[in-house]
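Residue numbers (this note's numbering): 41 to 703.
Note that beta-carbon positions come from the ideal geometry of N, C-alpha and C, so glycine has one too.
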């Protein structure tokens, strides 16, 4: 197994970093922190190369350390390890940590501006005021003015996080908001007409090339702004596929580390200019534009923290390393590639936007039709919550009580508080609850219809409040144990710490932070120093408590194929409504099968079987009543088969066990 030092020696040999830089990194107590200290003053290109070399070395060392081999080591760098053997951070759940961090800083605004009336109503007037306040224009709402200040603080935090991991976004006082570009609408308008439309809206004095030089310089014969807009148009309409060739001015680069700079290339003159463009090409959804930007930046930061400024290069290097040692089967090669495509966002790319939008719209509408009673299937969440709570030494009744409290529409303060301690505001992401069962995507009317069905059926609040309740009680349990050393903790807590690589030093640092007091209870704040591993633990266990698909499941349901491709859309249609049973199989069934002893396997598996079967039976009876049918008799053997299937995550297929006709 190659050590971190061995990999650093290779980086020196390849002249990626100097011997002096390597020595300072290796001698540092915290090698990750040393990157910023040692490499901060290097040129951008040298700094990116040095950070890339260190990240490859670190990732290779972690991959080699996995007890089950290189394949499991590689996949566990991208998503959680179901065998609980990795003990190191991964891209997916690290991304959720940064989502939680950014949401916590903007929680009050997200609560104010989230969609209402089942997702069909939005405070457009208030959002336009927010845009104006962000651009420094006077408005008549002090609360929104405060939200604008918070947004500017969040964007600065995101920029610094991005740069600290190898990015290169220069601070520019004239960049305020991201833009959403509807590629189909822009391509339909055409290049020349699009340039004529957008150019008067732009503040060209603040548009720079890749070297940081203003494009609108005096004494130039050609028009670099026009050439730059050609490149921007091509990037938007090809979804970035033009980057496989050399670009003209500005050279926007291929590395993820340059992605943030590219996003900040277009500067609008004022709020009205930004709003005009957003309404025409951004589908007018200001709130989604802001939340999507936070979530995208969170994922990019996490991807670079694990895989470096050029994640694709690191992944290819690690995959090749495993292949050279005959450690990957053909299936494992494809599946690891699919998982990388999920965590890197490549599954949402592709050229066939028209075909993609049509097929996605069709699936959204079909999903909304199928999942009208999904809330009744989600009754089984209560069982999963209780099992996972007990597994982690959390009183199940506290989780249930917290969930009921959060479901109270008047209890807004508790929901905002949950976001402020790092629990992601999932209601900010459209149809997040529906994605437990099927792939719902987009911002158009079909997505709003699907979201409306999820909310009207109570699935959306039931899912989100279940996740928040479990996370809050886990946080409370940790805070209650702050006075204990790691050796004094309950065995189930110590087992959880071991699973997520939490050492004594990690616990001592985290428990030295001051817990938050809220309504007479104490909560651990995962946004405090040392909270990253604890956040990863809580979010991972929350996916057991309220089963939600992770990158492994999404790699299966998408095939790792681009959304804008024929094969990608075809596979998504084949896998429609398969997410939830796959999630149950990769979480609870896998955990039951891999308990340490046969006795523990029987205990966990028996509890899982009994709980889900009982709750599955209740769900079936509730469905009968909701459909106006006579509830099926519980003394029929078919009832137990249907209840087992229903509670086990197969949802609508539970009815088929009770039917003489294959519907």
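Within-8 Å CB hit, residue i to chain B
i           : result
residue 204 : No chain B appears in the structure shown, which is made up of a single protein chain.
Cβ-based neighbour list, residue i, same chain, cut-off 7 Å, excluding 5 preceding and 5 following
i           : result
residue 246 : 212, 214 and 307
residue 779 : Lying before the first or after the last residue shown, residue 779 is absent from the chain, which here runs from 41 to 703.
residue 465 : 143, 147, 150 and 459
residue 399 : 609 and 613
residue 595 : 375, 378, 379 and 382
residue 505 : 443, 446 and 447
residue 38  : This structure cannot speak to residue 38, because the chain is shown only from 41 to 703.
residue 701 : Since pLDDT at residue 701 reaches only 36, below the 50 mark, its modelled position is unreliable, and the value read off the structure follows with that caveat. Nothing meets the Cβ criterion.
residue 103 : 110, 113, 114, 117 and 358
Per-residue burial, residue i [other beta carbons within 10 Å of its own, 16 or more giving buried]
i           : result
residue 630 : exposed
residue 551 : buried
residue 530 : exposed
residue 326 : buried
residue 444 : exposed
residue 642 : exposed
residue 350 : buried
residue 565 : buried
residue 101 : buried
residue 733 : The requested residue 733 is not part of the displayed model; the chain covers only 41 to 703.
residue 703 : Residue confidence for residue 703 is low, a pLDDT of 34 falling below 50, so the modelled location carries little weight; the figure read from the coordinates is stated next. The residue is exposed, with fewer than 16 neighbouring Cβ atoms inside 10 Å.
residue 116 : buried
residue 586 : buried
residue 694 : Low confidence applies here, because residue 694 scores a pLDDT of 46, under 50, leaving its location unreliable and the question unanswered by this model.
residue 339 : buried
residue 650 : exposed
residue 354 : buried
residue 691 : At residue 691, the pLDDT of 47 sits below 50, so the modelled position is not reliable; the number obtained from the coordinates is stated separately. Residue 691 is buried by the Cβ-count criterion.
residue 140 : buried
residue 371 : exposed
residue 671 : exposed
residue 5   : Because the chain in this structure spans residues 41 to 703, residue 5 falls outside the shown range and cannot be described.
Own chain residues within Cβ distance below 8 Å of residue i, not counting five before or after
i           : result
residue 174 : 188, 191, 192, 216, 217 and 311
residue 166 : 152, 153, 181 and 184
residue 451 : 445
Residue i versus the options, residue with shortest Cα-Cα distance
i           : options               : result
residue 495 : 101, 511 and 155      : 155
residue 617 : 627, 636, 593 and 640 : 593
residue 358 : 674, 62, 624 and 97   : 97
residue 274 : 640, 628, 227 and 350 : 227
residue 654 : 126, 194, 666 and 681 : 681
residue 343 : 370, 313, 379 and 331 : 379
residue 601 : 382, 316, 244 and 149 : 382
residue 278 : 659, 164 and 231      : 231
residue 63  : 238, 85, 94 and 89    : 94
residue 255 : 667, 305 and 362      : 305
residue 366 : 59, 109 and 90        : 109
residue 627 : 121, 335 and 599      : 121
residue 131 : 271, 527, 684 and 336 : 336
residue 331 : 194, 427, 313 and 417 : 194
residue 241 : 176, 686, 314 and 177 : 314
residue 87  : 178, 203 and 129      : 203
residue 576 : 129, 91 and 59        : 129
Nonlocal neighbours in the same chain, by C-beta distance under 6 Å from residue i, ignoring five residues either side
i           : result
residue 289 : Any reading at residue 289 must be qualified, since the residue scores a pLDDT of 35, below 50, and its modelled position is unreliable; the value itself is stated next. Within the same chain, residue 289 has close Cβ partners 249, 264, 267 and 268.
residue 235 : 269
residue 511 : 463, 578 and 582
residue 220 : 322 and 329
residue 542 : 573
residue 125 : 107
residue 633 : none
residue 368 : 111 and 362
residue 32  : No statement about residue 32 is possible, as the shown extent of the chain runs from 41 to 703 and does not include it.
residue 584 : 428 and 627
* To do: Please confirm if the segment 556–570 is in contact with the segment 603–623, defined as three or more CB-CB distances below 8 Å between the two stretches.
  => no
* Okay, do the segment 398–408 and the segment 566–576 touch, 3+ Cβ pairs below 8 Å being the bar? -> no
* **Meets three-Cβ-pair contact criterion under 8 Å: the segment 441–461 and the segment 648–667** => For the pair of segments examined, the segment 441–461 was found not to touch the segment 648–667: the number of CB pairs separated by less than 8 Å stays below three.
* Evaluate contact between the segment 421–432 and the segment 666–681, counting only Cβ atoms and requiring at least three cross-stretch pairs below 8 Å. => Contact between the segment 421–432 and the segment 666–681 is absent: fewer than 3 CB-CB pairs across the two stretches fall below 8 Å.
* **Segments assigned alpha helix (DSSP H), at least 4 residues, entirely inside the segment 321–372** => 326–347 and 351–364
* Give, in chain order, every unbroken run of the alpha helix (DSSP H) that is at least 4 residues long and sits entirely within the segment 152–208. => 164–174 and 182–204
* To do: Could you tell me which uninterrupted alpha helix (DSSP H) segments, each at least 4 residues in length, are contained entirely in the segment 503–589, listed from first to last along the chain?
  => List check, alpha helix (DSSP H) in window: 531–539, 544–551 and 572–585.
* To do: Ignoring anything shorter than 3 residues or poking outside the segment 656–692, list the beta strand (DSSP E) runs there in chain order.
  => none
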